Amino acid sequence: MAGAVIGATIADYRNQRQEVVEGGRTIYTEPDRIIIRDPGGQEYVRGNDLYRFRYGARDIRTETIGGETRTVVIRPDGTEIITVVGPDGSLMRRIRRDQRGREIVIIDNTYRDPRAVGGFYVDVPPPVVSIPYDRYIVDAQEASPDVIYETMRAPPVQRIDRRYSLDEIRYSPNVRMQMPSIDVNTINFATGSWTIPPDQAARLQVIADGINQAIQANPQEVFLIEGHTDAVGNDVDNLSLSDRRAQAAAELLTQQFNVPAENLTSQGYGKQYLKEQTDGPSLINRRVTVRRITPLLNGGQANAAPPPPPRQ
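Residues -19 to 292 (the numbering used here) make up the sequence shown, in order.
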């Protein structure tokens, strides 16, 4: 399980990494994630987040039908979390089924807007932000709990004109930036590490409270946990490292603070979004960010359910 090796650093995974070139793309494979470099130089990391659902599970069933792999995690109360991934391992749908068999679609990553073109990168202009900067990018260390709670339910900074898939949100910065975010700078990562020190874990309490309050109000809320690094080291290492930081925070939110795992998703961005413009070591660049993305997934209808997946 990723992150389970206490004291592990990115150097431990660098030694296990394999590199192949397919169709002009360079693909780096690690035991628990892949990093892809496109011919144009764009790079991104993709991990498997099913590990997060094993915590506290009563039973886990997996079946593959027609190329889709369906994993059902059964919790002690009988609730089932159903994750469907495609042949390439990418998330397609995530569904919560209660004890009576009623289903709620949390994420439908198969949706493609008719206006979508090309891959998952969406070329839209940066959003026009009219709210104060400290309410748009909230500093967890400085903000009051009330501000953090409000940000967890804050609307987009401008009108959202269409629904986006999860992958479009993950890989398109100007799409994500339509939602306010919280920089969790209360947690400090050591260079090359994704371990959250036990004495710092409690600092996630206020973040967890805000997320849980939002989910109680709307069980379909989805929060993206974003991981970042400083500019030290190579790009592949930093993408893997940042993804592990995001994953560690998501894991801790569930295991220590009972945030439902299915309402979280995580993504690493390496050194692409530095807060401090320096090539040297930087504590404030080694961080995670939390962003509510529900309005992006459903086109701005705050409590609207995504349409059910098409019948096979």
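Even for Gly, the Cβ is constructed at its ideal location relative to N, Cα and C. This structure is a prediction, so every number in the text was calculated from the model and none was measured.
Item                                                                                                                                                                                         : Value
Closest to residue 269 by C-alpha separation, out of 238, 257, 145 and 223, would be which residue?                                                                                          : 223
Is the distance from the Cβ of residue 186 to the Cβ of residue 86 below 8 angstroms?                                                                                                        : no
Does residue 287 pass the burial test, meaning 16 or more other C-beta atoms within 10 Å, or should it be called exposed?                                                                    : Only weak support exists for where residue 287 lies, its pLDDT of 46 falling under 50; the value from the coordinates is given anyway. Label assigned to residue 287: exposed.
From residue 152 to residue 178, what distance separates their C-alpha atoms?                                                                                                                : 33 angstroms
So for residue 161, helix, strand or coil by DSSP?                                                                                                                                           : strand
Hey, residue 120 and residue 162 are a contact pair by Cβ (cut 8 angstroms); roughly how many whole angstroms apart?                                                                         : 5 angstroms
Whose C-alpha, out of 112, 220 and 70, is nearest the C-alpha of residue 147?                                                                                                                : 70
Return helix, strand or coil for residue 231, following the three-state DSSP convention.                                                                                                     : helix
If contact is defined by three or more beta carbon pairs under 8 angstroms, each pair taking one atom from either stretch, is the stretch 209 to 226 in contact with the stretch 241 to 258? : yes
Could you give the first and the last residue of the continuous alpha helix (DSSP H) run that contains residue 146?                                                                          : 146 to 151
Report the three-state DSSP secondary structure of residue 52 (helix, strand or coil).                                                                                                       : strand
Note down, one range per segment and in chain order, each alpha helix (DSSP H) of at least 4 residues found wholly within the stretch 70 to 139.                                             : 113 to 116 and 125 to 131
For residue 237 versus residue 277, is the C-beta spacing smaller than 8 angstroms?                                                                                                          : no
Taking just the CA atoms, how far does residue 55 sit from residue 39?                                                                                                                       : 7 angstroms
Answer yes or no: do residue 128 and residue 190 have a C-beta to C-beta separation smaller than 8 angstroms?                                                                                : yes
Taking residue 274 and residue 200 to be in contact with their CB atoms under 8 angstroms, please state how far apart those CB atoms are, rounded to whole angstroms.                        : 7 angstroms
Would you kindly check if the distance between the Cβ of residue 204 and the Cβ of residue 149 is under 8 angstroms?                                                                         : yes
Terminal residues of the continuous beta strand (DSSP E) containing residue 200?                                                                                                             : Per DSSP, residue 200 belongs to no beta strand (DSSP E) and is neither H nor E.
Whole angstroms are fine: how far does the CA of residue 251 sit from the CA of residue 215?                                                                                                 : 7 angstroms
When you compare only the Cα positions, how much space is there between residue 1 and residue 44?                                                                                            : 28 angstroms
In angstroms with no decimal places, state the Cα-to-Cα distance between residue 293 and residue 164.                                                                                        : Because the chain spans -19 through 292 in this model, residue 293 falls outside it and cannot be assessed.
Please report the straight-line C-alpha distance between residue 290 and residue 114, rounded to a whole angstrom.                                                                           : Residue placement at residue 290 is poorly supported in this model, since its pLDDT is 49, which falls under 50; the coordinates still yield a value, given next. C-alpha separation (whole angstroms): 41 angstroms.
Quick one: what does DSSP say residue 59 is sitting in, helix, strand or coil?                                                                                                               : coil
In chain order, what residues of the same chain lie with their CB nearer than 7 angstroms to the CB of residue 171, ignoring the 5 residues before and after it?                             : 212 and 261
What is the rounded straight-line gap between the Cα of residue 52 and the Cα of residue 16?                                                                                                 : 28 angstroms
Does the beta-carbon of residue 145 have 16 or more other beta-carbons within 10 angstroms, so that it is buried, or is it exposed?                                                          : buried
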